[in-house]
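J.:
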Amino acid sequence: MIAPGADLKIYMATRPVDFRRGMDGLAAAVQEILGLDPYLCIG
5 MIAPGADLKI
15 YMATRPVDFR
25 RGMDGLAAAV
35 QEILGLDPYL
45 CIG
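Quick note: the sequence shown uses the numbering used here, first residue 5, plus one each step.
(1) What is the residue span of the alpha helix (DSSP H) that residue 30 lies within?
(2) Distance check for residue 38 and residue 16, CA to CA, integer angstroms please.
(3) Taking C-beta to C-beta, are residue 20 and residue 30 nearer than 9 Å?
(4) With the cut-off set at 9 Å, would you say residue 1 and residue 33 are in Cβ contact?
(5) How many angstroms separate the CA atom of residue 35 from the CA atom of residue 6?
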């Protein structure tokens, strides 16, 4: 089993999320709500 690194961050939705929005819609929600870049891969 591969364990995640100690620097792994996990975000949890505290409001309902409409998964029918698709990947682009969910990525837009990440940008709007969390102010993060969902396409930025650091690691």
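Each residue gets a CB set at the ideal place from its N, CA and C atoms; glycine is no exception.
T.: Reading off the structure:
(1) Your numbering for residue 30 matches position 26 in the sequence shown. For residue 30, the enclosing alpha helix (DSSP H) has its first and last residue at 26-33.
(2) For the purposes of this step, residue 16 is taken as the residue at position 12 of the sequence shown. For the purposes of this step, residue 38 is taken as the residue at position 34 of the sequence shown. Rounded to the nearest angstrom, the gap between the Cα atoms of residue 16 and residue 38 is 11 Å.
(3) Here residue 20 refers to the residue found at position 16 when the sequence shown is read from its first residue. Here residue 30 refers to the residue found at position 26 when the sequence shown is read from its first residue. Contact: no.
(4) With the chain represented from 5 up to 47, any question about residue 1 goes unanswered, as that position is not in the structure.
(5) Your numbering for residue 35 matches position 31 in the sequence shown. Your numbering for residue 6 matches position 2 in the sequence shown. The alpha-carbon atoms of residue 35 and residue 6 are separated by roughly 29 Å.
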